[in-house]
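Residue numbers (our numbering): 1 to 144.
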């Protein structure tokens with residue numbers, strides 16, 4: 001199976017069966033993200049404890065790319081410090097905008113690399129980055 005097929009399957013699995021799509025009790029930070037160009041909408045809930053992302057979840061509606069991107073992002077940020085999570089958000093956004101292309105620098109994006117080819121579909125870029133912008137904004141308001 002080609003790497004692109006594996007990535008397509010990974011995105012499909014995360015959009016069909018998002019593990020982190022549910023309300024989160026005790027969230028210390030909640031922020032709504034909206035993509036007016038297509039109607040994608042998420043509410044990101046995060047529990048930050050001792051400077052780390054202890055847990056996160058989301059609710060909302062959107063296309064397969066926005067839902068998969070959000071679910072993959074939460075997998076990646078859980079257990080990370082607030083600063084590490086913000087760094088990952090900046091790397092992901094940089095990858096999608098083609099500002100960061102060095103594979104070694106992008107390696108810590110792990111499964112989020114499956115969304116790298118979205119940069120070739122300008123109409124879908126906002127779908128992929130919605131959760132990551134929402135995360136960055138949410139964590140910017142969080143006390144460390």
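For every residue, glycine included, the Cβ atom is placed at its ideal position computed from N, Cα and C. Note that the coordinates shown come from a computational prediction; the quantities given were computed from them, not determined experimentally.
Around the beta carbon of residue 22, a 10 Å sphere encloses fewer than 16 other beta carbons of the protein chains shown; the residue is thus reported as exposed. Under DSSP, the beta-bridge partners assigned to residue 56 are 46. Counting the other CB atoms within 10 Å of its CB gives residue 124 a total of 16 or more, which places it among the buried residues. Residue 28 has no beta-bridge partner at all, per DSSP. Residue 78 sits close to residue 55, with the two beta carbons spaced by under 8 Å. Three or more Cβ pairs closer than 8 Å define a contact, and the stretch 124-143 meets that threshold against the stretch 84-104.
Going by C-alpha positions, residue 20 is about 17 Å away from residue 40.
Restricting attention to 118, 60 and 95, the CA atom closest to the CA of residue 107 is found in 95. Going by DSSP, residue 137 is part of the alpha helix (DSSP H) stretching over 125-140.
Per DSSP, the continuous alpha helix (DSSP H) segment holding residue 83 begins and ends at 82-96.
According to the DSSP secondary-structure assignment, residue 34 is paired through a beta bridge with 41.
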